[in-house]
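**Q** Submitted below is the structure of interest, expressed as structure tokens.
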Amino acid sequence: MALDILKIIKYEGGPDQLVWKHPAEDFNTGSQLIVHESQEAIFFKNGQALDLFGPGRYTLSTQNIPLLSKLINLPTGGESPFHCEVYFINKADILEVFWGTPNTLPVQDPVYQVIFPIRARGQMALRIFDSASLVTKMVGTTDGLNKEQASGKLRAYLIGHVKQMISEYMNGNKVTIFDINTKLVEISEQLWGKARELYQEYGMDVVNFIVEDISVPEDDPNYRELQKALSQANAEAVKMQRLGYSYQEKRTYDILQDAAQNEGTSSELMGAGMGMGMGLNLGGMFGGAMGGAMQQMNSGMWQGGYGYSGYGQPMGGAGMYGQPQPVQPQVPQPQPPQFQTAQNQPAQTQVNQAENSGAAVFCPECGGRIQPGAKFCMNCGAKLGQPEQPVCPSCHAPVQPGAKFCMNCGTKLTE
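So the sequence shown is numbered by the numbering used here: it starts at 14 and just counts up by one.
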């Protein structure tokens, strides 16, 4: 039986073997080498891959093992013993590997700048294309490699690179964790290319690669808080759209309503000579501030810190969890000339005009109500200065703005 082993070299491994090493290592020229279909046999000497044989039956000679013959100086003709290792590689089967992260991986969301722990899982299929590289890189000095062992090694190679692969995709495409499961096809295609590069040095080609799921544990506090905040923002945006006016218009309306309540009825305001003109002037006065608030609403709900490093919420397209769509601001209608705010006038002039009219006085910077004669706003600290009281040039009695004659002495006043 020992003589048969020395004379005939063939595959005797099990059906699950991916790589099988022949137990004999001493052969003769003239021995028969049998390689089955979808197999390859490769001769190794001192850890160096030498002659490779595809399917067929071979009588070993110095002619068909030139690399080995040269290495060990085999004489030509006759039978000469030689020592080497023979590996058989099964190339028929496509190796299916199911992969998944054993632990969560910390990945920073490129949109919210929050670090989330993620899990990922999927599957891939591999085929051997370079037997020498496979044996050299994965088998080494062992007796072979079965499919289960190969799957474990291939899975470990992949998991070590999954975090970087997913992070690169999220950052390169600005994909948030809430939208990532809507991009699994694109992610699979990109990671497929990365996986092919990774396994190429092991003599294997990735013929299919699928990412089945990327998720954050539901009990993660950062995830839950951000999800709650997004839901609230989405509900508010939908409410604004249904009511038919923008956030800017709502805030302007609220300010006007507060001003009217603080001052009295609208008829009193009209009697004071302001009426809706005062309201429109207030709207113009706060228009810039409200416009900025609207822009901030559209570009990001939050600017403050959160979680690990803070986040800003762009009101972009809705993702997996229904992020709010941007609310389109309404185009403001032009105001009548008599009601247009003199936005280029100094802040003190606007305050003086409001005080002289008998109406409530509001800070031109923050919109807070101020006391008559105040030099600074008690709400924001803006400098107001002393009100300028016009007087009669003859008797120096106080006169009302816009009066043509002095009520005290009758002197005609210049305009």
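Positions of the beta carbon are idealized from the N, C-alpha and C atoms, including for glycine.
These figures come from a predicted structure and were not determined experimentally.
Rounded C-beta distance between leucine 167 and glycine 216? I'm assuming under 8 Å.
**A** Not confirmed; about 12 Å, so no contact.
**Q** For glycine 135, count neighbouring Cβ atoms within 10 angstroms of its own Cβ and tell me buried if that reaches 16, exposed if not.
**A** It counts as buried.
**Q** Just the Cα atoms here: how many angstroms apart are methionine 119 and lysine 176?
**A** At residue 119 the sequence reads proline, which differs from the methionine that was named. C-alpha separation (whole angstroms): 8 Å.
**Q** With the cut-off set at 8 Å, would you say asparagine 221 and phenylalanine 129 are in Cβ contact?
**A** Their beta carbons are not under 8 Å apart, which means asparagine 221 does not touch phenylalanine 129 by this criterion.
**Q** Report yes if the CB atom of tyrosine 26 is closer than 8 Å to the CB atom of phenylalanine 111, and no otherwise.
**A** Reading off the sequence, residue 26 comes out as glycine, not tyrosine. No, they are not a contact pair.
**Q** Work out the CA separation of proline 377 and isoleucine 172 for me, nearest whole Å.
**A** Using only the alpha carbons, I get a separation of about 59 Å.
**Q** Near cysteine 422, what residues of its chain come up, given a Cβ to Cβ distance below 6 Å and the 5 sequence neighbours on each side ignored?
**A** Cβ within range, chain order: Ser407, Cys408.
**Q** Contact defined as beta carbons within less than 8 Å: I believe tyrosine 182 pairs with glutamine 203. What is the distance between those atoms, to the nearest angstrom?
**A** Tyrosine 182 to glutamine 203, Cβ: 5 Å. Contact.
**Q** Excluding sequence positions up to five away, which residues of its chain have a Cβ less than 8 Å from the Cβ of arginine 140?
**A** Closer than 8 Å at the Cβ level, and outside the excluded window around arginine 140, lie Lys104, Ile107, Leu108, Met217, Asp218, Val220.
**Q** Straight-line CA distance for alanine 37 to glutamate 210?
**A** Cα to Cα, alanine 37 sits roughly 35 Å from glutamate 210.
**Q** Kindly list the residues whose CB is nearer than 8 Å to the CB of proline 359, restricted to its own chain and excluding five residues on each side of it in sequence; keep chain order.
**A** In this prediction, proline 359 has a pLDDT of 49, which is less than 50 and means its spatial position is unreliable; what the coordinates show is noted afterwards. Excluding sequence neighbours, proline 359 sits near nothing in its chain.
**Q** Using only the alpha-carbon positions, how far apart do lysine 417 and methionine 253 sit?
**A** C-alpha separation (whole angstroms): 49 Å.
**Q** Determine the DSSP secondary structure at lysine 425, reduced to helix, strand or coil.
**A** Lysine 425 falls in the strand class under three-state DSSP.
**Q** Report the option in Gln45, Pro411, Leu397, Ala250 whose CA atom is closest to the CA atom of lysine 388.
**A** Selected option, being the one with the closest Cα: Leu397.
**Q** Since alanine 54 sits in a beta bridge, which residues does DSSP pair it with?
**A** Note: alanine 54 sits in a beta bridge opposite Phe66, Phe101.
**Q** Does the stretch 146 to 162 touch the stretch 224 to 232, meaning 3 or more C-beta pairs lie closer than 8 Å?
**A** Cβ pair count under 8 Å is below three, so no.
**Q** Count the other CB atoms, across all protein chains shown, that sit within 10 Å of the CB of valine 224; report buried if there are 16 or more and exposed otherwise.
**A** Buried, because 16 or more other Cβ atoms sit within 10 Å of the Cβ of valine 224.
**Q** Am I right that isoleucine 22 and glutamine 45 are in contact with their C-beta atoms under 8 Å? What's the rounded C-beta distance?
**A** With a Cβ gap of about 7 Å, isoleucine 22 and glutamine 45 count as contacting.
**Q** Buried or exposed: methionine 137, going by 16 or more other Cβ atoms within 10 Å of its Cβ?
**A** Label assigned to methionine 137: buried.
**Q** Starting from lysine 187, trace the beta strand (DSSP E) both ways and give me its first and last residue.
**A** Element bounds for lysine 187: n/a, residue is neither H nor E.
**Q** Note down, in chain order, each residue of its chain lying with its Cβ closer than 6 Å to the Cβ of aspartate 143, except the 5 sequence neighbours on either side.
**A** So the qualifying residues of the chain are Gly216.
**Q** How would you label histidine 8, buried or exposed, when you count the other beta carbons within 10 angstroms and need 16 or more for buried?
**A** This structure cannot settle anything about residue 8, because the visible part of the chain is limited to 14 through 428.
**Q** Mapping the DSSP letters down to three states, classify tyrosine 236 as helix, strand or coil.
**A** Tyrosine 236: helix per DSSP, three-state reduction.
**Q** Going by DSSP in three states, serine 164 sits in which element: helix, strand or coil?
**A** Reduced to three states, the DSSP call for serine 164 is helix.
**Q** Classify isoleucine 131 as helix, strand or coil using the three-state DSSP reduction.
**A** Correct three-state label for isoleucine 131: strand.
**Q** Quick one: grab the DSSP three-state call for glycine 318.
**A** A caution first: glycine 318 carries a pLDDT of 36, below 50, which makes its placement in the model unreliable, though a value can still be read off. Residue state, collapsed to three classes: coil.
**Q** Please report how far the alpha carbon of cysteine 405 lies from the alpha carbon of alanine 248, in whole angstroms.
**A** Distance between the alpha carbons of cysteine 405 and alanine 248: 59 Å.
**Q** For the candidate residues Asn186, Ala410, His49, whose alpha-carbon lies nearest to that of aspartate 122?
**A** The option with the nearest alpha carbon to aspartate 122 is Asn186.
**Q** Does tyrosine 71 come out as helix, strand or coil in the three-state DSSP assignment?
**A** Reduced to three states, the DSSP call for tyrosine 71 is strand.
**Q** On the DSSP bridge assignment, give the partners of asparagine 159 in chain order.
**A** Gln30, per the DSSP bridge assignment.
**Q** Here's the rule I'm using: 16 or more other beta-carbon atoms within 10 Å means buried, otherwise exposed. How should proline 411 be labelled?
**A** Proline 411 is exposed by the Cβ-count criterion.
**Q** Considering serine 228, what are the terminal residues of the beta strand (DSSP E) in which it resides?
**A** Where serine 228 is concerned, the enclosing beta strand (DSSP E) stretches over 217 to 228.
**Q** Just list the residues that DSSP pairs aspartate 39 with in beta bridges.
**A** Aspartate 39 is bridged to His96.
**Q** Straight-line CA distance for glutamine 240 to threonine 114?
**A** Approximately 24 Å between the Cα atoms of the pair.
**Q** To the nearest angstrom, how far is it from the Cα of asparagine 41 to the Cα of threonine 149?
**A** Asparagine 41 and threonine 149: Cα-Cα distance of roughly 25 Å.
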